[in-house]
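Report on the structure given below.
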Amino acid sequence: MIMRTKAEHTAAIHDKRMAAVVVNTRSRRGRRRYPEVLRLLRAGGFRLTGVHAVTDPARLRDTITGALVDEPDLLIVGGGDGTLSSSIKHIAGRDVALGVLPLGTTNNFARSLGLPLDLAGAIRVLTGGKVADIDLGMCGDRPFANLTSFGVSVEVAGTVKPLVKRVLGRAAYPLTALRILPRHRPFRAFVTVDGVRHALITHQLNIANGRFHGGWQIAKDAGIDDHRLVAYQLGSGKRLRLVGETLVRATTGKWRSLAGGPFVTGSEMLVETDPPMAADIDGEVRLRTPLLIRTIPNGVRVMVPADFVDT
Numbered sequence: 001m002i003m004r005t006k007a008e009h010t011a012a013i014h015d016k017r018m019a020a021v022v023v024n025t026r027s028r029r030g031r032r033r034y035p036e037v038l039r040l041l042r043a044g045g046f047r048l049t050g051v052h053a054v055t056d057p058a059r060l061r062d063t064i065t066g067a068l069v070d071e072p073d074l075l076i077v078g079g080g081d082g083t084l085s086s087s088i089k090h091i092a093g094r095d096v097a098l099g100v101l102p103l104g105t106t107n108n109f110a111r112s113l114g115l116p117l118d119l120a121g122a123i124r125v126l127t128g129g130k131v132a133d134i135d136l137g138m139c140g141d142r143p144f145a146n147l148t149s150f151g152v153s154v155e156v157a158g159t160v161k162p163l164v165k166r167v168l169g170r171a172a173y174p175l176t177a178l179r180i181l182p183r184h185r186p187f188r189a190f191v192t193v194d195g196v197r198h199a200l201i202t203h204q205l206n207i208a209n210g211r212f213h214g215g216w217q218i219a220k221d222a223g224i225d226d227h228r229l230v231a232y233q234l235g236s237g238k239r240l241r242l243v244g245e246t247l248v249r250a251t252t253g254k255w256r257s258l259a260g261g262p263f264v265t266g267s268e269m270l271v272e273t274d275p276p277m278a279a280d281i282d283g284e285v286r287l288r289t290p291l292l293i294r295t296i297p298n299g300v301r302v303m304v305p306a307d308f309v310d311t
């Protein structure tokens, strides 16, 4: 496929304002904000080639496929991290940019892009920002935007209630984890990077493509455009240590440099666990270990603020 330069793509979006919009109205704020999304986009001068409200997540793939038929310059997607992660695989390697409307609970992907989390601010990025290409994560054969994790988070993803997420926001996840933890058993994991096999015992292992997890920054020098993944554990095999770290992250959002913390980085990682475990891929429980996780540098185009550092 012939791709425009990013500068040409940005100019086309600014000049023509041709976009399709897809909003997951099952997301935390999607249904309530849907009319406002359309009003603000039209006020911003966008010519909407298609307007789609997704009430059944199983229809998201077909909806996005249909939205791309008219070849818009910009595919605007509103929803949480799971919705956005499911969307990027349909535009990876294509001459269309993703416009992000953060309507979820933690909005890790939007935070990694440096987007405003208010709707009006996010739409101002679509009208006045630029096209950048960011890294695409791959877990097995499944693309992901932000994070693949193993352990407590898998149970949390399947347990946290929509009502709790609506009421508590991002605090719903650590609070649900604290309820699950007393009965959770630690597991042994092996992460192989550049021929070196790292062994650990933990309740939680994360492999991040982006900069944020649970709405808090992983490390100040992690990024979604640095061509590397970051592996790290929360706590060890000891429950009290994981409780302590969970509480610290939930109350302070503490973060460190990758050089000063217990992080393993690389462009490709083989993850093995004992016993075999399911993976939480941006909030969707999919696949089982062993899994090869890798990054595709500059794999997908997105609209970002003008001051975003695009490598």
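Residue 25 in full-length UniProt numbering is what sits at position 25 of the sequence shown, and the numbering runs on without skipping anything. C-beta atoms are modelled at their ideal positions from N, C-alpha and C, and glycine is treated no differently. These numbers were taken from a predicted model, which means no experiment stands behind them.
- When C-beta atoms of the stretch 129–149 are compared with those of the stretch 212–225, three or more pairs fall below 8 Å, so the two segments count as touching.
- A contact between stretches requires three or more CB pairs, one per stretch, nearer than 8 Å, and the stretch 5–16 fails this requirement with the stretch 55–65.
- Taking a C-beta distance under 8 Å as the contact criterion, Thr127 and Ile207 do not qualify as a contact pair.
- In this structure, DSSP gives Lys16 a helical state, which the three-state scheme calls helix.
- Around Val54, the same chain offers Asn24, Leu60, Thr63 as residues with beta carbons nearer than 6 Å, after the five sequence neighbours per side are excluded.
- Spatial neighbours of Ala20 in its own chain (CB-CB distance under 6 Å, excluding positions within 5 residues in sequence) are listed in chain order as Thr49, Gly50, Ala67, Pro72, Leu75.
- In this structure, the CA atom of Pro262 is about 6 Å from the CA atom of Tyr232.
- Beta bridge pairing from DSSP links Tyr232 with Asn206.
- At the C-beta level, Glu268 and Arg294 come within 8 Å of one another.
- When the Cα atoms are used, Val309 and Gly114 turn out to be separated by approximately 10 Å.
- For a cut-off of 8 Å, the C-beta gap from Val100 to Leu84 is around 6 Å, short enough to register as a contact.
- Annotation: Leu38 is outside any beta strand (DSSP E); the continuous alpha helix (DSSP H) that includes it extends over 30–43.
- Only residues of its own chain outside the window of five on either side were considered, and among them Thr10, Ala306 have a CB closer than 6 Å to the CB of Lys130, listed in chain order.
- Within a 10 Å sphere around the beta-carbon of Thr5 sit fewer than 16 other beta-carbons, which makes this residue exposed.
- In the three-state reduction of the DSSP assignment, Ile296 falls in the strand class.
- Out of Asn146, Val154, Gly121, the CA that lies nearest to the CA of Lys89 is found in Asn146.
- Contact check for Pro276 against Thr289 passes: the beta carbons are separated by less than 8 Å.
- Contact annotation, Val264 with Val191: C-beta distance approximately 6 Å; criterion of less than 8 Å satisfied.
- Taking the C-beta atoms as reference points, His213 is found no nearer than 8 Å to Asn107.
- Per the C-alpha coordinates, the member of Asp194, Gly93, Ile281 positioned closest to Val302 is Gly93.
- Scanning its chain for C-beta atoms nearer than 6 Å, with the 5 sequence neighbours on each side dropped, one finds around Thr311 the residues Asp225, in chain order.
- Shown here for Arg29: same chain residues with a beta carbon closer than 6 Å to its own, the five before and five after excluded, namely Leu103 in chain order.
- Residue nearest to Gly121 within the set Gly299, Val300, Glu36 is Glu36 (criterion: CA-CA distance).
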